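Chains A and B supply the protein sequences, listed in that same order.
Using my numbering, the letters of the first sequence map in sequence onto residues 45 to 159.
Using my numbering, the letters of the second sequence map in sequence onto residues 118 to 226.
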Amino acid sequence: DAGVIQSPRHEVTEMGQEVTLRCKPISGHDYLFWYRQTMMRGLELLIYFNNNVPIDDSGMPEDRFSAKMPNASFSTLKIQPSEPRDSAVYFCAIRSGGAFYNEQFFGPGTRLTVL
Amino acid sequence: TQLLEQSPQFLSIQEGENLTVYCNSSSVFSSLQWYRQEPGEGPVLLVTVVTGGEVKKLKRLTFQFGDARKDSSLHITAAQPGDTGLYLCAGVANNDMRFGAGTRLTVKP
Numbered sequence: 045d046a047g048v049i050q051s052p053r054h055e056v057t058e059m060g061q062e063v064t065l066r067c068k069p070i071s072g073h074d075y076l077f078w079y080r081q082t083m084m085r086g087l088e089l090l091i092y093f094n095n096n097v098p099i100d101d102s103g104m105p106e107d108r109f110s111a112k113m114p115n116a117s118f119s120t121l122k123i124q125p126s127e128p129r130d131s132a133v134y135f136c137a138i139r140s141g142g143a144f145y146n147e148q149f150f151g152p153g154t155r156l157t158v159l
Numbered sequence: 118t119q120l121l122e123q124s125p126q127f128l129s130i131q132e133g134e135n136l137t138v139y140c141n142s143s144s145v146f147s148s149l150q151w152y153r154q155e156p157g158e159g160p161v162l163l164v165t166v167v168t169g170g171e172v173k174k175l176k177r178l179t180f181q182f183g184d185a186r187k188d189s190s191l192h193i194t195a196a197q198p199g200d201t202g203l204y205l206c207a208g209v210a211n212n213d214m215r216f217g218a219g220t221r222l223t224v225k226p
């Protein structure tokens, strides 16, 4: 079964602090996605990787955001420095195969609050 | 700007009622997916439709893809409290997938 572990589940930080969100896929996949979800903007794609290589980062809002995938079992999304408008739920998702209509499996998300 | 417009944004109904939610766009999609998201969890795929005019059924849920592949609908028969959640549609076009903002459904017992 496909699955994704995200940590932390909740993060509260102060403006200006660095935030690192973690994603650990627990099954085979070719693609890994980072999304951000807010009430105002819905679910937005930030960046995705194919075989650990970043393919499209056009959704990353600013240079304050960066993502890495050092291996197939781990990815991070970093915000430095964080701002209140970054408050959202951040999801990691995985997919097997190149077809975009293949099922994506989402993690439970990290709820980030920047004060 | 949302490429996919979902309506209604919020829907609150009584158990046993029927409902339809919509996903509309001016763009043509090669495929369209519906997801359901429960509080504190990530979205879970319900169905993928590929062919214009296609209808798929999943128990009490009926999904339809428009003939022109620009829109889709989800109909729930005899809604139950367990159907409560955020329903998201996602369209695939030009090797890109975008989500709508969702319809938040509440089914009261």
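Beta carbons are placed, not taken as given, at the ideal position from N, Cα and C, and that holds for glycine.
Source: prediction; values computed, not measured.
From the options, residue whose alpha carbon lies closest to that of residue i
i                      : options                       : result
residue 135 of chain B : B:202, B:222, B:196 and B:155 : B:196
residue 222 of chain B : B:164, B:208, B:152 and B:188 : B:152
residue 219 of chain B : B:139, B:176 and B:200        : B:139
residue 91 of chain A  : A:136, A:49, A:129 and A:82   : A:136
residue 194 of chain B : B:224, B:165 and B:147        : B:224
residue 198 of chain B : B:209, B:125, B:120 and B:133 : B:133
residue 83 of chain A  : A:59, A:105 and A:134         : A:134
residue 167 of chain B : B:161, B:147 and B:157        : B:147
residue 58 of chain A  : A:124, A:143 and A:49         : A:124
residue 163 of chain B : B:200, B:120 and B:143        : B:200
Straight-line gap, residue i to residue j (C-alpha atoms, nearest Å)
i                      : j                      : result
residue 146 of chain A : residue 140 of chain A : 7 Å
residue 159 of chain B : residue 154 of chain A : 10 Å
residue 127 of chain A : residue 88 of chain A  : 18 Å
residue 118 of chain B : residue 145 of chain B : Caution is warranted here: a pLDDT of 45 is assigned to residue 118 of chain B, below 50, making its placement in the model unreliable, and the coordinate value is therefore given only provisionally. Roughly 17 Å between the two C-alpha positions.
residue 73 of chain A  : residue 103 of chain A : 21 Å
Neighbour list for residue i in chain D, Cβ cutoff strictly below 8 Å
i                      : result
residue 185 of chain B : Within the model displayed, chain D is absent; protein chains A and B are what it includes.
Cβ-based neighbour list, residue i, same chain, cut-off 6 Å, excluding 5 preceding and 5 following
i                      : result
residue 207 of chain B : 150, 214 and 216
residue 141 of chain B : 122 and 188
residue 157 of chain A : 56 and 131
Contacts that residue i makes with chain A (C-beta to C-beta distance below 7 Å)
i                      : result
residue 133 of chain B : The contacting residues do not exist; residue 133 of chain B stays about 29 Å from chain A at best.
residue 148 of chain B : 145
residue 216 of chain B : 86 and 87
residue 219 of chain B : 86
Per-residue contacts from residue i into chain B (C-beta, under 8 Å)
i                      : result
residue 114 of chain A : In chain order: nothing, as chain B lies at least about 23 Å away.
residue 52 of chain A  : Here the premise fails: no neighbours, minimum Cβ distance about 14 Å.
residue 153 of chain A : 157, 158 and 159
Interface residues of chain A facing residue i [CB-CB closer than 8 Å]
i                      : result
residue 125 of chain B : By Cβ distance, chain A contributes nothing, its closest Cβ being about 15 Å from residue 125 of chain B, past 8 Å.
Spatial neighbours of residue i in its chain, beta-carbon cut-off 7 Å, leaving aside the 5 residues before and after
i                      : result
residue 184 of chain B : 169 and 170
residue 113 of chain A : 76, 93, 96 and 119
residue 90 of chain B  : Nothing can be reported for residue 90 of chain B, as the shown portion of chain B is limited to 118 through 226.
residue 177 of chain B : 193, 194 and 195
Contact list for residue i against chain B, beta-carbon separation under 9 Å
i                      : result
residue 37 of chain A  : Nothing about residue 37 of chain A can be reported from this structure: the residues present for chain A run from 45 to 159 only.
residue 109 of chain A : Near residue 109 of chain A there are no residues of chain B at all, since even the closest Cβ is about 19 Å away, more than 9 Å.
residue 124 of chain A : Ordered by position in chain B, no residue passes the 9 Å Cβ test against residue 124 of chain A, which lies about 25 Å from the chain.
Neighbour list for residue i in chain B, Cβ cutoff strictly below 7 Å
i                      : result
residue 135 of chain A : 159
residue 93 of chain A  : Here the premise fails: no neighbours, minimum Cβ distance about 15 Å.
Beta-carbon neighbours of residue i, restricted to chain A and to distances below 9 Å
i                      : result
residue 163 of chain B : Residues of chain A passing the Cβ test: none, with the nearest at roughly 10 Å.
residue 167 of chain B : 145
Contacting residues, own chain, Cβ-Cβ under 8 Å from residue i (five flanking each side not counted)
i                      : result
residue 130 of chain B : 136, 196, 222, 223, 224 and 225
Check your understanding: Do three or more CB pairs link the segment 168 to 177 of chain B to the segment 203 to 217 of chain B at distances below 8 Å?
Key -> Using a C-beta cut-off of 8 Å, the segment 168 to 177 of chain B makes no contact with the segment 203 to 217 of chain B, since fewer than three inter-stretch Cβ pairs fall below that distance.
Exercise for review: Spell out a yes or no on whether the segment 49 to 68 of chain A and the segment 118 to 131 of chain A are touching, meaning 3 or more CB-CB pairs, one atom from each, closer than 8 Å.
Suggested key: Contact between the segment 49 to 68 of chain A and the segment 118 to 131 of chain A is present, because at least three Cβ pairs lie under 8 Å.
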